[in-house]
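Undergrad: Take a look at this one; I'll ask things after.
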Amino acid sequence: MRLPLAIRVAAPAARPQVPALGAAAVLSLVRAAVLLAEPWPLAIAVDHAINRRPFTGLLSVFNGVSPFVLLALSAAALVLLNAGVGLLDLTSTLFGERAAERIGATLRQGLFDRSMSLSLRWHDRMRSGELVSRLTSDVGRILDGIIAVTTTVLPDTVMVVTVLVVLATFSPELALIGLAVAPVLAVLAARQRRRVRDAQSEARHESGRLAAVTSDLFRNVRAVQAFGRLGRASSIFGHRNRELLRADLDTVGVEARWTPLADLVLAGGAGLVLVVGGSQVIGGSLTVGSLLVVLAYLEDLYSPVRGLAKLAGSLAKAGASAARVHEVLAATEAVVDAPNARPAPLFIREVRFENVGFSYEPGLPVLRDFDLTVTSGETVCLFGPSGAGKSTVLHLLLRLYDVETGRILVDGLDIRGLDRYSLRRRMAFVPQDPWLLDATIAENIAFGSRQATRAEVLQAGRDALVDEFAATLPHGF
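Residue numbering for the sequence shown is 34 to 510, as defined by the working numbering.
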């Protein structure tokens, strides 16, 4: 049996958090055990304090106790049990939520690192806003699924089994009647999970499209305002926003229709138990307190059954998001080094393009049989119309893409046999689109070097005449 995709995607990040998740699960089990004790103070108050029914067995030592004292003890026990449930709920939530947040941070880091290592060909298809959506909201949905599994599956399953055993000791007939609705609920839950998964998958895709459009529009806000295209930008955003609204409303409708249907099925089971159990009380084969315990345990039975049914919806949401995250983590479209890659020459004397061919899209070549030789000391200018492949030549030299035909040689060495990072360190690349970090001038200058000292950063700024501009700023570099 294969584990749900959300768990498989998060498993590597979750391994260090297994002790914390285990602690959360154990505390949830203890909480379930305490919940099982909650109906008994009420039964003691009704049967033994109010109806004066004598105790039997180990509890017979309370037979001489005043009814008012029994009521007080029952009330105190009820308060203590509820306080215990609350405390266990608090601690299990803390363990589980904190572990989940750490898993989320690790998963986001892995997703970011993986996406940054993929080829630009992959990034050309994956818009940045869509990727941000997967890094943030989709990872959050996966964490919701992890929390649900940790704090719901094991304790609720144990609760269901234990309650069934207890109910069977009171009245096997009532236990069977109460359980009769479970198969109906299971069938409905399976259908609901499929519907939620499909609806959530569509909603997550629309959310990614909206994020991508929004990112593009904000990035180009100067052009939007300069060309007076605010109305057009609003129209583009509005279309994607309405599509997301439609998908979200469909999802809300699918989820909302489930709750009353499940409650109606469970209420039918509770009604049958009340009729049969009430008849047994009237016939004298069951006490009022015992009936109250049975009804309380029936609620304890139905609550986890309802929770497990809702879990199917949570896992469907997590599964839809996990598929989007897995698409990035499983991507193999990357420029990688050869197993025996060697460092690039420290001082490059010649760069040669031989019969190079490359296309961004199949059947639409940008470069075909391209030849070029540049030797040390030469200055070469490539000019031509937009899309002729000028920038592509530089991208191929930096191995941001790999050539499809031909080869590129550096001092006679094919660059596909060189360590790509050492090759890029030999190049000074100025992109045609200006790009700056949202950071200080010094941090922007130092971004291109791992070992740059403060003095080297300042010297680079002086060499580029940036110091003249930096001197006018309140905090300089």
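No residue lacks a Cβ here, since even glycine has one placed at the ideal position from N, Cα and C.
Return the CA-CA distance between Asp496 and Gln142, expressed in angstroms with no decimal places.
TA: Whole-angstrom Cα-Cα distance: 36 angstroms.
Undergrad: So who's on the other strand from Arg375, going by DSSP bridges?
TA: Its beta-bridge partners are Leu451.
Undergrad: Quick check on the DSSP output: the alpha helix (DSSP H) that includes Arg93 runs from which residue to which?
TA: The identity of residue 93 in the sequence shown is Ser, whereas the question assumes Arg. Looking at the DSSP string, Ser93 is not in any alpha helix (DSSP H), and its letter there is neither H nor E.
Undergrad: Compute the Euclidean distance between the alpha carbons of Thr202 and Val326, then round it to the nearest angstrom.
TA: Looking at the two C-alpha atoms, the distance is approximately 12 angstroms.
Undergrad: For a test of your reading of the model: does the CB of Leu442 fall under 8 angstroms from any non-hydrogen atom of the ligand HEM? Yes or no.
TA: Absence of the ligand HEM is noted for the structure shown, with no ligands found whatsoever.
Undergrad: How big is the Cα-Cα spacing for Gly55 and Gly494?
TA: Each residue's alpha carbon lies about 53 angstroms from the other.
Undergrad: Among Thr124, Pro376, Val368, Ile478, whose alpha-carbon lies nearest the alpha-carbon of Leu433?
TA: Checked all of Thr124, Pro376, Val368, Ile478; the closest Cα to Leu433 is Val368.
Undergrad: Anyone know if the C-beta pair for Leu243 and Phe270 falls short of 9 angstroms?
TA: Closer than 9 angstroms, so yes.
Undergrad: Less than 9 angstroms between the beta carbons of Ile175 and Gln50, yes or no?
TA: No, the Cβ-Cβ distance between Ile175 and Gln50 is not below 9 angstroms.
Undergrad: Would you kindly report the start and end of the unbroken beta strand (DSSP E) that includes Ser392?
TA: 383 to 394 is the extent of the beta strand (DSSP E) around Ser392.
Undergrad: Would you call the CB atoms of Ser354 and Arg237 closer than 9 angstroms?
TA: A contact, by the Cβ cut-off of 9 angstroms.
Undergrad: What residue does the beta strand (DSSP E) around Phe416 start on, and which one ends it?
TA: Premise fails: Phe416 is in no beta strand (DSSP E) and is neither H nor E.
Undergrad: Based on Cα-Cα distance, which residue from Met460, Val246, Ser170 lies nearest to Val384?
TA: Measuring from the Cα of Val384, the nearest candidate turns out to be Met460.
Undergrad: Could you tell me whether the Cβ atoms of Ile478 and Ala485 are closer together than 9 angstroms?
TA: Contact: yes.
Undergrad: Just checking my contact of Glu163 with Ala245 at CB under 8 angstroms: how many whole Å lie between their CB atoms?
TA: That pair is a contact at about 4 angstroms.
Undergrad: Where in the stretch 205 to 270 do unbroken runs of the alpha helix (DSSP H), each at least 4 residues long, occur, reported from the N-terminal end onward?
TA: Listed in chain order, they are 205 to 212, 215 to 252, 254 to 259.
Undergrad: Hey, would you say Arg401 sits closer than 9 angstroms to Gly417, going by beta carbons?
TA: Cβ distance not < 9 angstroms, so Arg401 and Gly417 don't count as in contact.
Undergrad: Just the C-alpha distance for Trp468 and Asp283, rounded to the nearest angstrom, thanks.
TA: Roughly 40 angstroms separates the two Cα atoms.
Undergrad: In terms of residues, what are the limits of the beta strand (DSSP E) holding Arg135?
TA: Arg135 -> not in any beta strand (DSSP E); alpha helix (DSSP H) instead, spanning 100 to 150.
Undergrad: I need the boundaries of the alpha helix (DSSP H) containing Arg401, first residue and last residue.
TA: Taken as a continuous stretch (DSSP letters only), Arg401 belongs to no alpha helix (DSSP H), being part of the beta strand (DSSP E) at 397 to 408.
Undergrad: Alpha carbon to alpha carbon, how far is Ser125 from Ala57?
TA: Between Ser125 and Ala57, the C-alpha separation is close to 4 angstroms.
Undergrad: Would a C-beta distance cut-off of 9 angstroms place Leu446 and Arg375 closer than the cut-off?
TA: Closer than 9 angstroms, so yes.
Undergrad: With burial defined as no fewer than 16 other Cβ atoms inside 10 Å of the residue's Cβ, what is the status of Met192: buried or exposed?
TA: Met192 comes out buried.
Undergrad: CA-CA distance, Arg86 and Pro72?
TA: The straight-line gap from Cα to Cα measures roughly 17 angstroms.
Undergrad: Please classify Tyr454 as buried or exposed, where buried requires at least 16 neighbouring CB atoms within 10 angstroms.
TA: It is exposed - the Cβ of Tyr454 has fewer than 16 other Cβ atoms within 10 Å.
Undergrad: The alpha helix (DSSP H) that contains Gly178, what's its start and end?
TA: Its alpha helix (DSSP H) spans residues 172 to 181.
Undergrad: Give the secondary structure of Thr320 by DSSP, where H, G and I count as helix, E and B as strand, and everything else as coil.
TA: Three-state result, Thr320: coil.
Undergrad: How long is the line joining the alpha carbons of Gly286 and Leu430, rounded to whole angstroms?
TA: So the alpha carbons of these two residues sit roughly 53 angstroms apart.
Undergrad: Could you tell me which whole alpha helix (DSSP H) segments of length 4 or greater appear in the stretch 454 to 508?
TA: As far as the stretch 454 to 508 is concerned, its whole alpha helix (DSSP H) runs of at least 4 residues are 474 to 479, 487 to 496, 499 to 503.
Undergrad: State yes or no: is the C-beta of Leu331 within less than 9 angstroms of the C-beta of Thr195?
TA: No; because the gap between Cβ atoms is not below 9 angstroms, this pair is not in contact.
Undergrad: Since Leu197 and Ala208 should fall inside the 8 angstroms C-beta cutoff, what is the C-beta to C-beta distance between them, to a whole number of angstroms?
TA: 6 angstroms between Cβ atoms; contact.
Undergrad: What first and last residue would you give for the alpha helix (DSSP H) that runs through Thr425?
TA: It spans 423 to 430 - the alpha helix (DSSP H) in which Thr425 sits, taken as one unbroken run.
Undergrad: Let's test the definition: count the other Cβ atoms within 10 Å of the Cβ of Leu168 and tell me whether it reaches 16, buried, or not, exposed.
TA: Classification of Leu168: buried, given that the 10 Å Cβ count is 16 or more.
Undergrad: Does the beta carbon of Gln313 sit closer than 9 angstroms to a beta carbon anywhere in chain D?
TA: The chain labelled as chain D is not found in the depicted structure, where only one protein chain is given.
Undergrad: Label Gln233 either buried or exposed according to how many other C-beta atoms from any shown protein chain fall within 10 Å of its C-beta, with 16 as the threshold for buried.
TA: Buried, since its Cβ has 16 or more Cβ neighbours within 10 Å.
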